[in-house]
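Numbered per my numbering, the sequence shown spans residues 9 to 87.
Idealized CB from N, CA, C, for every residue including glycine.
Because the structure is a prediction, the values reported are computed rather than measured.
What follows is a set of notes on a single structure, which appears directly below.
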Amino acid sequence: MDEKELSEIYARMRPKNICICRAVSEKTLVDLIHSGVHDLEELRFRSDASMKCGSCYPQVRTIFNREMKIIQSESDKQN
Ligand code: FES
């Protein structure tokens, strides 16, 4: 394996930043949601995502809605 291939593999392993301005990854957002941050504005405040230019806000909201559906679904299964 050459250096270029290794570089591509490492690039894929790095968490993708959803918010470029504040360097916030999807993993950070998901981890916060699953640790109890169940309000979109609180998620933005706590992670700092979408607090500068705001162009990532739709993605942050999509991730929030997706993860909240998962949490709701898991909660429904338990009840
Ligand atoms: S990309 Fe998230 S605030 Fe600019």
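Chain-order list of residues whose beta-carbon lies under 7 Å from that of Q67 (same chain, five-residue window excluded):
Taking C-beta separations shorter than 7 Å and ignoring five residues to either side along the sequence, the partners of Q67 in its chain run I26, following chain order.
Inter-stretch contact (C-beta, 8 Å, three-pair minimum) for the stretch 26–41 and the stretch 50–63:
Taking a contact to require three or more Cβ pairs closer than 8 Å, the stretch 26–41 and the stretch 50–63 qualify as touching.
When you compare each of D47, D10, T70 and K77 to E34 by their alpha carbons, which one comes out closest?
Proximity to E34 across D47, D10, T70 and K77 peaks at T70, based on C-alpha coordinates.
Which residues does DSSP pair with S33 in a beta bridge?
Its beta-bridge partners are N25.
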